[in-house]
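What follows is one structure encoded as structure tokens, with my remarks underneath.
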Amino acid sequence: MIVKKIQFTAEQLAIINTTIPRVFVSACAGSGKTHTLNARVRRLLDRKEPAKDILVLCFSNTAVGELKKRLPETITVRTFHSFALDLVRSTAGSSATRPVLLSSQRSVALLEKTLLACAKTVRGVCEKTGITLRTPFETRRLAAFFKRCNGSDDVARRLVDDGGSDFSDYADVLAELRVIRITYEKRIERAGGIDYPAMLRRACSSIENVSLPYTHVLVDEAQDMDAVQMQLLAGLAKRVRNLMIFGDPNQAVYSFIGGKARDLREVIRDVVTLPLSRSFRLTHENAALANAILGGSKRRTVGDRHGVTPSLTQYGSVIEQEDEVVKLIGELKDSGVPGNHIAILSRTKAPLRAVEQALLAAGHETNSVYSPRLPAHFDRVLDMLSVVQVCASTARVGLKPKRLWRTRRLREIIGKDVRSTVLDDCLRMLAKSSRIPSFEGRYVMATRIYLRLARASGDMPKNLASELGRWQATSRRFRTVRALREHIATLRMQAPVVTSSIHGAKGGEWDYVIVLGVTEGSIPFYREIKRNEIVEERRLFYVAVTRARKQLHLLHAPFFHAPSRQKFVELSRFVVPAYLQRVLTVE
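So in UniProt numbering, spot 413 of the sequence shown is number 413, and the numbers just go up one at a time.
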């Protein structure tokens, strides 16, 4: 086997070999950050540093899994929460007094007791909003809200201000909910439990009393740290000899969950910044656009090679935009580009769903990052559509399938027991379906029946309705279930085009990237404009344009935003300035 010798840049070598005890690696998009982190760990091992003295901290289990694939097995790789939980448990003394991570069921049970103890506050919430917190649904929703807040009043406010969240109706009762949350947290602690928000807070107070076994700590994706994680990191800096922190402040886009771009010198005064400014992902042309979007940022990205100038195309409507996306995907695939080398990105999910429907109808499979595919459920909907077709065909000759047969088929399709009242509802819907003339209309009815059964059986993934709805436009092209099944089977053999929100695309890269909705109200998003959060929206757009290895397409079209009842027609402010027009091909 031929081993390829890795060539490191001067910037990478400076980071790999440094003896500076406190380092922040400011890494631009595509600069080989994880590759450099890996090389730094291996250099420490080459210097005879024991593997047990090295700790790598990440922000998600996914990141932990990726780093474990690259690093030697002997290196400890943990999430912040996992590391914090160990800290808390190490100060608890005996195993009998160590806090237990609560299951979701146990969390809800403790919240139910808390609501009983806070009866007056609960009544106040009901009087102001009409929300009865003690119903099973509302109790689970409140538990989810507390988990999302992560103990932060600022995150709580952002969540309720977001009209697209599930918690906007809490806006007038945040003070009451804070009282309940504090009482709830005390009850959890008394019960010997701990939840995710409490892990970090309690670790911050524990770290000064714990003997840490680590000499070298490396932190990945530091720009996503929230205030409590930053506090924990400051505590770590006082206790370990060497600290190296990797991040890109230009990609700090998670303030809605508490993550903020912060100057590390505010909490670690002796930190030295070392740059990774060369992007191996970006062409010079795409790097020029990324730099222009950031404007006066001191951190400039350098591309790796020459390529195609990014394009900005303007359309008269979103329908025209969708048609052009389908056409562009077809041209790329005809030229030999695999579907999974292409990504379509958007600030929100709604435009992606519309484009997915258009692509599926045109014979292009898609794979959504923001919403997992549910092929087993879709196959059962096609079985339901077959039943609808039988009911329709027999109705044309004045007959009707026997009730026993229809009931048995419904039970077979859902595969679980459901109440007889639910089956009766579905039988009535089947009777109505026999009068629907179009195949598309019958598909819609089959979907409605299946969703009713899935909800009643408890097998109802959160995205099931939208996942089934994405096939409606495709069903319009067919007349029989068999033909539709054959079409689906052909699609499933394709390498699918990737669709993702910009947040979900962070960390990913594709040869060709299409960004939808480069329009005021979409990018930047209208709610963030109202909040004056333009700086983070600019960083989010930077994330979008730095995903492409080869070519970037930006699309603008006027659109009507139904939830806010607003029409947005202007090109995004991020691509309007004259200096930006010089790094774009405008069509």
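For every residue, glycine included, the Cβ atom is placed at its ideal position computed from N, Cα and C.
If we call anything under 8 Å between Cβ atoms a contact, is residue i one with residue j?
i	j	result
Val583	Leu345	no
Trp510	Ala343	yes
Ala51	Leu45	yes
Arg281	Arg549	yes
Leu571	Val518	yes
Ser368	Cys28	no
Arg187	Val228	no
Leu87	Ser206	yes
Ser26	Asp248	yes
Ser457	Met445	no
Thr121	Val179	yes
Ala287	Thr301	yes
Ala191	Leu110	yes
Asn340	Val498	yes
Phe146	Tyr184	yes
Glu176	Gly130	no
Pro496	Leu374	no
Leu385	Arg406	no
Val575	Leu552	no
Arg43	Asn17	yes
Val100	Gly193	yes
Ser501	Tyr315	no
residue 598	Met199	Because the chain is modelled from 1 through 587, residue 598 falls outside the range shown and cannot be assessed.
Val308	Glu285	yes
Asp166	Lys128	no
Pro577	Phe568	no
So, with DSSP's three-state summary, where would you put residue i?
i	result
Ile436	coil
Gln105	helix
Phe256	Only weak support is given to the placement of Phe256: the predicted model assigns it a pLDDT of 42, under 50, and the value that follows is read from those uncertain coordinates. Helix, per DSSP.
Val249	Sequence inspection shows Pro at residue 249; the Val mentioned does not correspond to that position. Of the three classes helix, strand and coil, the one that applies to Pro249 here is helix, per DSSP.
Lys48	coil
Ser279	coil
Ala431	helix
Val586	strand
Leu110	helix
Ser371	coil
Ile342	strand
Val569	coil
His377	helix
Asn17	helix
Ala92	coil
His35	helix
Phe559	strand
Ser335	coil
Phe574	helix
Val397	coil
Arg134	coil
Ser386	helix
Ser152	coil
Arg409	helix
Thr139	helix
Phe8	coil
Thr121	helix
Thr421	helix
Thr273	strand
Ala29	coil
Arg22	strand
Thr366	strand
Val444	helix
Val100	strand
Can you give the beta carbon distance from residue i to residue j, rounded, assuming they're within the 8 Å contact cut?
i	j	result
Arg70	Asn38	5 Å
Tyr526	His503	Not really, about 17 Å apart at Cβ, beyond 8 Å.
Glu528	Glu520	In fact, because the Cβ distance is near 11 Å, the residues do not count as touching under 8 Å.
Ala156	Leu133	Going by Cβ atoms, the distance from Ala156 to Leu133 rounds to 15 Å, so no, they are not a contact pair.
Leu359	Thr348	18 Å between Cβ atoms; not a contact.
Is residue i close to chain D? Criterion is C-beta to C-beta, closer than 8 Å.
i	result
Glu509	As a matter of chain content, chain D is missing from the structure shown, which is built from one protein chain.
- Task: Kindly provide the ranges of any beta strand (DSSP E) runs that are 3 or more residues long and lie completely inside the stretch 281-323, ordered along the chain.
- Result: 311-314
- Task: Kindly provide the ranges of any beta strand (DSSP E) runs that are 3 or more residues long and lie completely inside the stretch 451-526, ordered along the chain.
- Result: 497-501 and 510-515
- State whether the stretch 368-388 contacts the stretch 444-455, with contact taken as three or more CB pairs (one from each stretch) at a distance under 8 Å. yes
- Answer yes if the stretch 484-494 comes into contact with the stretch 389-406, meaning at least three C-beta pairs across the two stretches below 8 Å, and no otherwise. no
- Query: Do the stretch 473-484 and the stretch 319-335 meet, that is, are 3 or more Cβ pairs less than 8 Å apart?
  - Reply: no
- Entirely within the stretch 154-234 and at least 3 residues each: give me those beta strand (DSSP E) ranges in chain order. 216-219
- Whole runs of the alpha helix (DSSP H) within the stretch 523-553, excluding any shorter than 4 residues: 526-530 and 534-545
- Query: Going along the chain, which unbroken runs of the beta strand (DSSP E) with 3 or more residues stay wholly within the stretch 37-84?
  - Reply: 54-58 and 76-79
- Message: Check whether the stretch 109-117 and the stretch 232-247 are in contact - that is, three or more C-beta pairs closer than 8 Å.
- Response: no
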